[in-house]
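Line by line, the protein sequences are chains C and G.
Residue 138 in the working numbering sits at position 138 of the first sequence, and the numbers go up by one each step.
When you read off a place in the second sequence, starting at 1, and then add 272, the result is the number in the working numbering.
We treat Cβ as the ideally placed atom computed from N, Cα and C, and that holds for glycine.
Treat the numbers as computed from the prediction; the structure is a model and nothing was measured.
There are 2 protein chains.
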Amino acid sequence: MCELLAMSANVPTDICFSFSGLMQRGGNTGPHKDGWGVTFYEGKGYRSFKDPLPSAQSPIAKLVTEYPIKSQSVLCHIRQANSGAVSLENTHPFTRQIWGRHWTYAHNGQLKDFKQALPVKYHLPVGDTDSEHAFCWLLDQLHVKYGNEPAKTERVFEFVAELCEKINKLGVFNLILTNGDQLFAYCANNLHWLTRRAPFGQASLIDAEMSVDFQQETTPNDIVTVIATQPLTDDENWHKMMPGQWQLFCQGEQLASGQVVSTYHEPYLVCE
Amino acid sequence: MCELLAMSANVPTDICFSFSGLMQRGGNTGPHKDGWGVTFYEGKGYRSFKDPLPSAQSPIAKLVTEYPIKSQSVLCHIRQANSGAVSLENTHPFTRQIWGRHWTYAHNGQLKDFKQALPVKYHLPVGDTDSEHAFCWLLDQLHVKYGNEPAKTERVFEFVAELCEKINKLGVFNLILTNGDQLFAYCANNLHWLTRRAPFGQASLIDAEMSVDFQQETTPNDIVTVIATQPLTDDENWHKMMPGQWQLFCQGEQLASGQVVSTYHEPYLVCE
Chain C
1 MCELLAMSAN
11 VPTDICFSFS
21 GLMQRGGNTG
31 PHKDGWGVTF
41 YEGKGYRSFK
51 DPLPSAQSPI
61 AKLVTEYPIK
71 SQSVLCHIRQ
81 ANSGAVSLEN
91 THPFTRQIWG
101 RHWTYAHNGQ
111 LKDFKQALPV
121 KYHLPVGDTD
131 SEHAFCWLLD
141 QLHVKYGNEP
151 AKTERVFEFV
161 AELCEKINKL
171 GVFNLILTNG
181 DQLFAYCANN
191 LHWLTRRAPF
201 GQASLIDAEM
211 SVDFQQETTP
221 NDIVTVIATQ
231 PLTDDENWHK
241 MMPGQWQLFC
251 QGEQLASGQV
261 VSTYHEPYLV
271 CE
Chain G
273 MCELLAMSAN
283 VPTDICFSFS
293 GLMQRGGNTG
303 PHKDGWGVTF
313 YEGKGYRSFK
323 DPLPSAQSPI
333 AKLVTEYPIK
343 SQSVLCHIRQ
353 ANSGAVSLEN
363 THPFTRQIWG
373 RHWTYAHNGQ
383 LKDFKQALPV
393 KYHLPVGDTD
403 SEHAFCWLLD
413 QLHVKYGNEP
423 AKTERVFEFV
433 AELCEKINKL
443 GVFNLILTNG
453 DQLFAYCANN
463 LHWLTRRAPF
473 GQASLIDAEM
483 SVDFQQETTP
493 NDIVTVIATQ
503 PLTDDENWHK
513 MMPGQWQLFC
523 QGEQLASGQV
533 VSTYHEPYLV
543 CE
């Protein structure tokens with residue numbers, strides 16, 4: 001299993017605190033030693049830092065921890081390989097373009113028989129992971145359903161949730177996905193989230209001896225939502241997501257949420 | 273105008289020396305102050321470092337100069353904005369997937385009326401530069417012509433050269449393009465290249481007080497080709513490319529080259 005981390009905020013915010021905790025799980029307090037990656041949005045552009053090295057020993061991870069890049073949308077992943085070799089092309093997050101935006105994706109879990117069950121045509125995998133393959137299929141399905149013009153945001157993400165439920169039938173599919181504006185999460189079995197807003201308090205990392213007093217670091221109008229596989233702090237109120245549940249955030253605020261009811265049956269949309 | 277730099281090598285090679293010279297042109301010895309970016313391939317995966325800040329002052333450029341990432345394929349760009357705002361999404365190089373590989377692209381020059389002349393459908397621009405738009409059009413044309421299976425490598429790049437010649441009619445289009453294996457360059461008016469191989473000698477940067485004795489840094493089997501807008505050293509034999517000329521390199525060796533003869537006429541391939 002891997003560890004996921006994502007952030008959505010209404011002001012550019014650094015993720016150094018949460019990232020510091022997560023990186024310890026890559027070889028120190030956790031077994032996730034097969035690479036890590038983080039993607040920061042800045043407007044419609046993004047920066048990705050990735051390494052197939054364990055995050056606890058990576059000089060690039062150290063750089064990211066020490067160089068506070070502020071962003072409103074961030075996605076991180078640390079990997080314990082169960083499908084695909086340990087290599088840069090298999091390292092999450094994955095980013096692809098659709099509808100003139102960069103979409104970034106990371107997956108926790110594993111999938112069986114994904115090549116047969118999830119045929120792809122337009123968005124083709126570069127590496128050989130189940131995760132990247134499922135991302136390509138998901139984007140192909142969006143392309144086939146909506147063409148070059150997406151529908152209303154919430155409707156698109158309801159459809160993404162239905163796609164997640166189908167992928168999840170092949171194994172375990174915890175997902176975080178962002179286009180830089182919206183942040184979407186689908187829970188197969190293991191995801192937590194919390195929203196920090198005024199009045200801010202103190203938080204202490206579980207995985208490192210580090211505390212932060214958010215009142216010193218924020219303004220009263222800041223709203224920051226963090227999603228993680230497991231809670232990163234032991235003194236905040238994390239919401240545990242239920243299997244099949246999805247959440248959609250924008251600028252730190254919850255935009256929509258739902259529980260997928262199985263509605264789709266084979267045959268599925270086919271790329272022509 | 274912008275500055276381009278690319279490398280193709282038969283062994284993982286660091287580009288610190290050439291990069292050090294190029295970065296000085298971003299605000300110190302050159303006027304290219306509107307951002308810079310560099311993409312390194314590692315197998316089929318890649319790392320991009322980008323900054324809309326002038327390269328001569330960028331902490332991320334400093335990191336790249338000091339942290340010797342070794343790669344067989346590298347593409348760099350420093351920008352003087354003439355189309356599109358100074359922002360991360362407008363910062364070269366641009367990377368997109370086609371045929372299960374990441375293709376990375378950078379452009380020097382400027383184009384007029386590109387939106388009308390170069391309609392796009394599958395690969396849509398995220399930013400608003402002429403450069404990214406032309407890249408999207410080029411990939412759409414490859415998709416329309418070859419579908420999901422590319423033809424023989426040299427034939428594909430001959431076709432790319434023909435596409436470049438069409439784009440170049442809209443203004444000035446010096447191009448460097450790589451899929452991690454092959455490195456392609458098309459010259460509108462300003463590109464130079466050289467191949468370093470045994471017996472290696474000494475080279476001195478034009479833009480910084482820095483020399484390197486490649487004999488100390490290499491093995492006798494190393495072959496490294498560097499492409500740049502302007503020669504980076506003053507004591508090596510750079511080849512000046514002619515207008516309409518293209519070059520294709522793989523593992524440092526010249527694979528093919530040619531001179532485009534105008535053969536294409538409107539109407540061009542149209543995405544359906």
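Simplified DSSP state of P284(G), which is helix, strand or coil: Position 12 of the second sequence, counted from the start, is the residue given in the question as residue 284(G). DSSP places P284(G) in strand when its eight states are reduced to three.
task: Helix, strand or coil for W465(G), going by three-state DSSP, please let me know.
output: Residue numbering aside, residue 465(G) sits at position 193 when the second sequence is read from its first letter. W465(G): strand per DSSP, three-state reduction.
query: When burial is assigned at 16 or more other CB atoms within 10 Å of the CB, is T491(G) buried or exposed?
result: Locating residue 491(G) in the second sequence gives position 219, where the first residue counts as 1. Answer is exposed; the Cβ neighbour count stays below 16.
- prompt: Where does E272(C) sit, in a helix, a strand or coil, going by DSSP?
  reply: Taking the first residue of the first sequence as 1, we reach residue 272(C) at position 272. Low confidence applies to E272(C): its pLDDT is 49, below 50, so where it sits in the model is not reliable enough to give any reading.
field: Paired residues, beta bridge with R319(G) - DSSP
entry: Residue mapping note: residue 319(G) aligns to position 47 of the second sequence, counting from 1. In DSSP, R319(G) forms a bridge with F312(G).
field: Start-to-end residues for the alpha helix (DSSP H) that takes in Q116(C)
entry: Here residue 116(C) refers to the residue found at position 116 of the first sequence. It spans F114 to A117 - the alpha helix (DSSP H) in which Q116(C) sits, taken as one unbroken run.
- request: At 3 residues or longer, and completely inside the stretch 337-390 of chain G: list those beta strand (DSSP E) runs for me, N to C.
  value: 342-350, 366-370 and 373-380
task: Taking E149(C) as the reference, give the member of I15(C), I98(C), L88(C) and I69(C) with the closest Cα.
output: As a first step, residue 149(C) must be located in the first sequence, where it is residue number 149. Considering only alpha carbons, the answer is I98(C).
- request: Thinking Q116(C) and F157(C) are a contact (beta carbons under 8 Å), I'd like their distance in whole angstroms, please.
  value: Here residue 116(C) corresponds to residue number 116 of the first sequence, with the count starting at 1. Here residue 157(C) corresponds to residue number 157 of the first sequence, with the count starting at 1. That belief does not hold up - the Cβ atoms of Q116(C) and F157(C) are roughly 27 Å apart, past 8 Å.
field: Check whether A185(C) and V260(C) have beta carbons under 7 Å apart
entry: For the purposes of this step, residue 185(C) is taken as the residue at position 185 of the first sequence. For the purposes of this step, residue 260(C) is taken as the residue at position 260 of the first sequence. For A185(C) and V260(C), no; Cβs fall outside 7 Å.
message: Please list, in chain order, the residues of the stretch 324-350 of chain G that have any C-beta partner in chain C closer than 9 Å.
response: P324, P331, I332, L335 and Y339
- request: Examine the Cβ distances between the stretch 6-23 of chain C and the stretch 356-368 of chain G and report whether three or more of them are shorter than 8 Å.
  value: no
query: Taking the beta strand (DSSP E) that N412(G) falls in, what are its first and last residues?
result: For the purposes of this step, residue 412(G) is taken as residue 140 along the second sequence, with counting starting at 1. Note on identity: in this sequence residue 412(G) is Asp, with Asn being the wrong assignment. From DSSP, D412(G) is part of no beta strand (DSSP E) but of the alpha helix (DSSP H) over D402 to Y418.
field: Boundaries of the alpha helix (DSSP H) in which A433(G) is found, first to last residue
entry: Here residue 433(G) is taken as the residue at index 161 of the second sequence, counted from 1. Note, A433(G): alpha helix (DSSP H), T425 to N440.
- prompt: Given 8 Å as the limit, is there contact between the stretch 12-24 of chain C and the stretch 49-62 of chain C, that is, 3 or more CB pairs closer than that?
  reply: yes
- prompt: So which residues on chain C does Q369(G) lean against when the C-beta distance must stay under 8 Å?
  reply: Position 97 of the second sequence, counted from the start, is the residue given in the question as residue 369(G). Under the 8 Å cutoff, chain C gives R96, H123, L124 and V126.
query: Which residues of chain C have a Cβ atom closer than 7 Å to the Cβ of E314(G), listed in chain order?
result: In the second sequence, the residue the question calls residue 314(G) occupies position 42. By Cβ distance, chain C contributes L88.
Inter-residue spacing [alpha-carbon to alpha-carbon] between I167(C) and A151(C): Here residue 167(C) refers to the residue found at position 167 of the first sequence. Here residue 151(C) refers to the residue found at position 151 of the first sequence. Approximately 22 Å, taken between the alpha carbons.
message: So S48(C) contacts chain G; which residues on that side make the cut at Cβ distance below 7 Å?
response: As a first step, residue 48(C) is located in the first sequence; it is residue number 48 there, counting from the start. Ordered by position in chain G, the residues that pass the 7 Å Cβ test against S48(C) are S320.
query: Residues of chain G with CB under 9 Å from H102(C), in chain order?
result: In the first sequence, the residue the question calls residue 102(C) occupies position 102. Ordered by position in chain G, the residues that pass the 9 Å Cβ test against H102(C) are E361 and V398.
- prompt: When DSSP labels each residue in this structure, what does H265(C) get in the three-state scheme?
  reply: The residue given as residue 265(C) occupies position 265 in the first sequence. Only weak support exists for where H265(C) lies, its pLDDT of 47 falling under 50; the value from the coordinates is given anyway. In this structure, H265(C) counts as coil in the three-state DSSP scheme.
message: Is it buried or exposed, Y279(C), if we count other Cβ atoms within 10 angstroms and call 16 or more buried?
response: Since the first residue shown for chain C is 1 and the last is 272, residue 279(C) is missing from the structure and cannot be characterised.
task: Output, in chain order, the set of chain G residues within a Cβ distance shorter than 8 Å of N148(C).
output: On the first sequence, position 148 is the one that residue 148(C) refers to. The answer, in chain order, is K393 and L396.
Boundaries of the beta strand (DSSP E) in which Q182(C) is found, first to last residue: Residue numbering aside, residue 182(C) sits at position 182 when the first sequence is read from its first letter. Looking at the DSSP string, the run of the beta strand (DSSP E) that includes Q182(C) is Q182 to Y186.
message: In the DSSP output, what is A475(G) paired with across the bridge?
response: Here residue 475(G) corresponds to residue number 203 of the second sequence, with the count starting at 1. Paired residues: V484(G).
- prompt: Mapping DSSP to helix, strand and coil, what is A58(C)?
  reply: Position 58 of the first sequence, counting from 1, holds the residue named residue 58(C). Sequence check: residue 58(C) is Ser here, not Ala. Here S58(C) sits in coil by DSSP.
- prompt: So, do the stretch 237-255 of chain C and the stretch 47-54 of chain C have three or more beta carbon pairs nearer to each other than 8 Å?
  reply: no
message: Against chain C, does G317(G) count as a neighbour if the rule is that its beta carbon must be under 7 Å from one of theirs?
response: As a working note, residue 317(G) is residue 45 in the second sequence. Judged by the 7 Å Cβ criterion, G317(G) is in contact with chain C.
DSSP three-state assignment for G275(C), whether helix, strand or coil: Absent from the structure is residue 275(C), since the part of chain C shown begins at 1 and ends at 272.
- prompt: Alpha carbon to alpha carbon, how far is E66(C) from R101(C)?
  reply: As a working mapping, residue 66(C) is identified with position 66 in the first sequence. As a working mapping, residue 101(C) is identified with position 101 in the first sequence. Their Cα atoms are separated by approximately 28 Å.
- prompt: Comparing alpha-carbon positions, which option in A500(G), G356(G) and V416(G) lies nearest K393(G)?
  reply: As a position in the second sequence, residue 393(G) is number 121, starting the count at 1. Answer by Cα proximity: V416(G).
- request: Starting from the N-terminal side, write out each stretch of the alpha helix (DSSP H) that is 4 residues or longer and does not extend beyond the stretch 486-521 of chain G.
  value: 486-489
query: Buried or exposed: which applies to R427(G), given that a residue is buried once 16 or more other Cβ atoms fall within 10 Å of its Cβ?
result: For the purposes of this step, residue 427(G) is taken as residue 155 along the second sequence, with counting starting at 1. It is exposed - the Cβ of R427(G) has fewer than 16 other Cβ atoms within 10 Å.
Span of the beta strand (DSSP E), counted from its first residue to its last, around N174(C): Counting from one through the first sequence, the residue named residue 174(C) turns up at place 174. Its beta strand (DSSP E) spans residues N174 to T178.
message: With the cut-off set at 7 Å, would you say L520(G) and I448(G) are in Cβ contact?
response: If you number the second sequence from 1, residue 520(G) lands on position 248. If you number the second sequence from 1, residue 448(G) lands on position 176. No, the Cβ-Cβ distance between L520(G) and I448(G) is not below 7 Å.
- request: Under 6 Å Cβ to Cβ from M241(C), same chain only, skipping five residues before and after it: list those, please.
  value: Residue numbering aside, residue 241(C) sits at position 241 when the first sequence is read from its first letter. Around M241(C): C187 and L191.
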